[in-house]
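What follows is a single structure, written as structure tokens, with notes after it.
Number of protein chains: 2
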Amino acid sequence: MTARTPDSARDIPEATVARLPVYLRALTGLAEDGTTTCSSEELAASAGVNSAKLRKDLSYLGSYGTRGVGYDVEYLRYQIAREIGVTQDWPVVIVGIGNLGHALANYSGFRSRGFRVVALLDADPDRHTDVVAGLEVRSFEDLETIVAEHDVSIGVIATPAVAAQSVADRMVASGITSILNFAPTVLTAPEGVDVRKVDLSIELQILAYHEQRKAGAIETEVLS
Amino acid sequence: MTARTPDSARDIPEATVARLPVYLRALTGLAEDGTTTCSSEELAASAGVNSAKLRKDLSYLGSYGTRGVGYDVEYLRYQIAREIGVTQDWPVVIVGIGNLGHALANYSGFRSRGFRVVALLDADPDRHTDVVAGLEVRSFEDLETIVAEHDVSIGVIATPAVAAQSVADRMVASGITSILNFAPTVLTAPEGVDVRKVDLSIELQILAYHEQRKAGAIETEVLS
DNA sequence: CTTTGTGAATCAGTTCACAGCA
DNA sequence: TGCTGTGAACTGATTCACAAAG
């Protein structure tokens, strides 16, 4: 056993991991503006966080700044990209090519950030003639073949809620170990398989909650 | 001043607020299955959380359960819906009718959860002839009129990143106080305006980070 | 006897404030 | 002198474990 855990084996807090992509995007923006160096204050402003949090977050990756100066934009950008793992190319399959699946297939932000959509699958044979984002929509039955062929470890679910769990089960069986779920349902997956969800209507409901309280506060003000 | 803050003025932790929509969905599912009563254990399982957390969350709303028995599904569902504010109808405008805007306009989960899309706006005149989800795509210039006419307080941004901040500014100026941002950029808004973001590629990047570490762990195992 | 509702304990995340280095 | 990197203090969220209620 070495005294220090080597390389990228340090454990980074979940909250920090969730912000690294934001910093990466901010740094890309600064680089495009021709900025070569930035302080924690400037980068924090572009990323929409406070500078103490930014510095603490970066400290989990290592000491990539220079005291009295700041950070080299390009160097830091590379270090964060490497830490996240987006310097390599991740093949991805999307299952469920309805409105949302369409939008995801065409989303350029995946391609530009190290993700390559290798296949679009749908259970409905009527969709198998479609070509979306330059890819033919294929049968869900082809999942195993595609996963094996392209060594896919990340799957995206954009099916209706009722189909989502069975799609997830089949993904796991075929060897996928990370799932991004857009279907409005809770998925269960075995230990070792990561599931993240994006729920469009939940975010709106959270806004509605706060909006309702604003209205309440105004009423209270008027009454007082 | 009363000793106890009245009605819904109690303050509920942010983490709890974010889970209430999940409980609401789980309860709707149970109700559809014909379940009339459930324990915290059962509801927690449907929502994908542990039962202690569920009970603590519900305790912020009030005492809606019966000791020794559990919760009445329909009654609890209504109480949570009321607390979130989705018993009323929230008019919403969507700006940016590209692939994602299309998908959002057609998303049935909004309608069924108390949100009514009253207008689709786009800056591109070529899109103004389109009809999406039964609504004509209108000019972004109509924003103020529509917000005033329908008393809109929630706006959804699905434009490219470069346009997002100016759309947000214009929304705020027109009276919108809650914004859901799908554009991959950090928005700034004045005090009193809530902004939430949904970033499709950030979620994938978080999965990639964990996926990369799994691969690393396997390598370490092989070496040891 | 079962299951809720909740103080107390624990754990994670954020902010503060300043020592240490360029 | 200026800005990073980080212990220490603080704040918020989660989990535990049990008293209170039906």
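Top to bottom, those sequences are chains D and P.
The opening residue of the first sequence carries number 1 in full-length UniProt numbering; numbering runs sequentially from there.
The opening residue of the second sequence carries number 1 in full-length UniProt numbering; numbering runs sequentially from there.
Note that CB positions come from ideal geometry on N, CA and C, so glycine has one too.
A quick note: this is a predicted structure, and the numbers were derived from the prediction, not measured.
Exposure label - residue i; buried when at least 16 CB within 10 Å
i: GLN205(D); result: buried
i: GLU14(D); result: exposed
i: LYS56(P); result: exposed
i: ALA119(P); result: buried
i: ARG19(D); result: buried
i: PRO6(D); result: In this predicted model, PRO6(D) has a pLDDT of only 38, less than 50, meaning its place in the structure is not dependable enough to derive any value.
i: ASN99(D); result: buried
i: ASN50(D); result: exposed
i: VAL73(D); result: buried
i: GLY134(P); result: exposed
i: residue 230(P); result: Residue 230(P) cannot be examined here, being either before or after the span of chain P that is shown, 1 to 224.
i: ARG25(D); result: buried
i: SER67(P); result: With the sequence shown as reference, residue 67(P) is identified as Arg, and Ser is not the correct amino acid for it. Answer is exposed; the Cβ neighbour count stays below 16.
i: ALA168(D); result: buried
i: THR87(P); result: exposed
i: THR2(P); result: With a pLDDT of only 31 at THR2(P), under the threshold of 50, the placement of this residue in the model should not be trusted; the figure read from the coordinates follows. By the neighbour-count rule (16 or more Cβ atoms within 10 Å), THR2(P) is not buried but exposed.
i: ALA44(P); result: buried
i: VAL139(P); result: Before going further, note that residue 139(P) is Ser rather than Val in the sequence given. When all chains shown are included, SER139(P) counts as exposed.
Closer than 7 Å at the beta carbon, the chain D residues around residue i
i: SER59(P); result: Going along chain D, no residue has its Cβ under 7 Å from SER59(P), so there is no contact; the nearest lies around 17 Å.
i: ARG25(P); result: PRO184
i: ASN106(P); result: ASN99
i: VAL17(P); result: ILE206 and TYR209
Beta-carbon neighbours of residue i, restricted to chain P and to distances below 8 Å
i: THR177(D); result: GLU211 and LYS214
i: GLU42(D); result: Ordered by position in chain P, no residue passes the 8 Å Cβ test against GLU42(D), which lies about 13 Å from the chain.
i: HIS102(D); result: ASN99, HIS102 and ALA103
i: residue 226(D); result: Here chain D has residues from 1 to 224 only, and residue 226(D) is not among them.
i: GLY109(D); result: PRO184, LEU200 and SER201
Bridge partners - residue i, DSSP secondary structure assignment
i: ARG55(D); result: In DSSP, ARG55(D) forms no bridge with anything.
i: TYR71(D); result: CYS38(D) and GLY65(D)
i: ASN181(P); result: ILE157(P) and LYS197(P)
i: VAL92(D); result: VAL117(D) and ILE154(D)
i: SER139(P); result: ASP122(P)
i: VAL132(D); result: LEU135(D)
Interface partners of residue i on chain D, CB under 8 Å
i: SER46(P); result: VAL186
i: ASP124(P); result: Under the 8 Å cutoff, chain D gives no residues; its nearest Cβ is about 16 Å from ASP124(P).
Contacts that residue i makes with chain P (C-beta to C-beta distance below 9 Å)
i: VAL22(D); result: VAL186, ASP199 and ILE202
Chain P residues whose Cβ lies nearer than 7 Å to that of residue i
i: GLN205(D); result: PRO21, ILE84, VAL86 and ARG113
i: ARG196(D); result: GLU203, ILE206 and LEU207
Taking beta-carbon pairs under 7 Å, can you tell me which members of the region 77-97 of chain P lie near chain D?
The region 77-97 of chain P vs chain D, Cβ under 7 Å: ILE84, GLY85, VAL86 and TRP90.
So if I threshold CB-CB distances at 7 Å, which residues from the region 65-77 of chain P count as touching chain D?
Hits within the stretch: zero.
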